[in-house]
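Once you know that position 204 of the sequence shown is 204 in my numbering, the rest is easy, because the numbers rise by one and skip nothing. Ideal Cβ positions, reconstructed from N, Cα and C, are used throughout, including at glycine. This one's a predicted model, so the numbers in the text were calculated from it and none came from an experiment. In what follows, a single structure is set out as structure tokens and then discussed.
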Amino acid sequence: MSTRTAPTPEPIHWEDQVRRARLRGEASRMWRLLGKCLAVSALLLFTLFPVYFMVVSAFSDSATSGTGALLPTDPSLDNFVYVLTEGNFTTYLLNSLAVAAITVGGACVLALLAAVAVARFKFKFRTSVLVMILIVQMVPLEALVIPLFIQVRDLQLLNTLIGLGIVYIALSLPLAVWMMRGFVAAVPKEVEEAAYIDGASWPVMFWKVLFPLVAPGLVATAIFSFIVAWNEFVLALTFMQQSDKYTVAVGLRQFFGQYANEWGHVMAASTIITIPVMVFFVLVQRYLAAGLVQGAVKG
1 MSTRTAPTPE
11 PIHWEDQVRR
21 ARLRGEASRM
31 WRLLGKCLAV
41 SALLLFTLFP
51 VYFMVVSAFS
61 DSATSGTGAL
71 LPTDPSLDNF
81 VYVLTEGNFT
91 TYLLNSLAVA
101 AITVGGACVL
111 ALLAAVAVAR
121 FKFKFRTSVL
131 VMILIVQMVP
141 LEALVIPLFI
151 QVRDLQLLNT
161 LIGLGIVYIA
171 LSLPLAVWMM
181 RGFVAAVPKE
191 VEEAAYIDGA
201 SWPVMFWKVL
211 FPLVAPGLVA
221 TAIFSFIVAW
231 NEFVLALTFM
241 QQSDKYTVAV
251 GLRQFFGQYA
261 NEWGHVMAAS
271 TIITIPVMVF
281 FVLVQRYLAA
291 GLVQGAVKG
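See the structure below:
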């Protein structure tokens, strides 16, 4: 009776094991990369599709602008021409730019000074002041319309861009002060003390030492204040009672009718409204990044 012996398995060299593990790792990385690409693509599609649809509808003719077409039909600039000429949207743009400039300038200056005061100086009720600022930010806008209207009316600032800008400054300041306080508090006191030792006065230290370090906070405050002034609707509609003083948010309302809406004009006006916001962000975002790097090096 003969016995059969099992065949001896061929030895697997360690080079083959390393090669197989490397291939499995590369395949796993490829699948993870593919999943990330699909997720990012889905997010971009979800985010950018409304913007794409708005632009397509703006360049389509009035008959098909509200039908949901994904490609412009008979592309033309008629909607933009109507909005800027007969729609008087150029005046609304200039009004919004003026109000936004007043809001950004006033909010940045006052927020910086207030942040320095609460972050560097010690006085009574400092914590209470910060808490009150935060509580003001929590009050709904609808509850402030009537008191603000009475105050603006008593100051004879109704139907004025300056009056509306002052109101927007008041709305932007609570959050702006809190943001700027964080930037000012993050600057080490040793930097200021070194400037004093070198013989710098407080104004010199403020402009040449502290101001460059908190510049990113000012840019963030400017962006926030600009968006508040550009998109706000309720207060602009309440305080501006003359059509030549309307902002873009209020001027957009004229294209909505009681029984029908001019979607081509609405989309063209909406496209025009988004352009200044994009331009402003592109102009200031490089200063935001430069300020962050500069503050990290100096701090």
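If you count every other CB in all the chains shown that lies within 10 Å of the CB of residue i, and 16 or more means buried, which is it?
i: N261; result: exposed
i: S128; result: exposed
i: T47; result: exposed
i: I146; result: exposed
i: V279; result: exposed
i: L43; result: exposed
i: T90; result: exposed
i: K124; result: exposed
i: A39; result: exposed
i: Y196; result: exposed
i: I169; result: buried
i: A114; result: buried
i: F255; result: buried
Please name the residue in the options whose C-alpha comes closest to that of residue i.
i: V99; options: A42, M179, I162 and S41; result: I162
i: N88; options: T274, V250 and Q285; result: V250
i: Y82; options: V104, F59, L70 and L97; result: F59
i: I273; options: V51, L34, E86 and D61; result: V51
Flag this pair as yes or no: are the beta carbons of residue i and residue j separated by less than 8 Å?
i: G165; j: I102; result: yes
i: I223; j: F281; result: yes
i: G217; j: M267; result: no
i: S57; j: G264; result: yes
i: T221; j: A111; result: yes
i: F233; j: V167; result: no
i: L173; j: A107; result: yes
i: W178; j: I133; result: yes
i: Y246; j: N79; result: no
i: W230; j: V284; result: no
i: L157; j: V187; result: no
Could you name the residues that DSSP lists as bridge partners for residue i?
i: F256; result: N261
Identify every run of the alpha helix (DSSP H) within the region 102 to 141, keeping only runs that are complete inside it and at least 4 residues long; order them along the chain.
Segments of the alpha helix (DSSP H) lying fully in the region 102 to 141: 126 to 138.
Scan the region 196 to 226 and note each continuous alpha helix (DSSP H) run of 4 residues or more that stays entirely inside, going in chain order.
202 to 205
In chain order, which beta strand (DSSP E) runs of at least 3 residues are fully inside the region 21 to 51?
none
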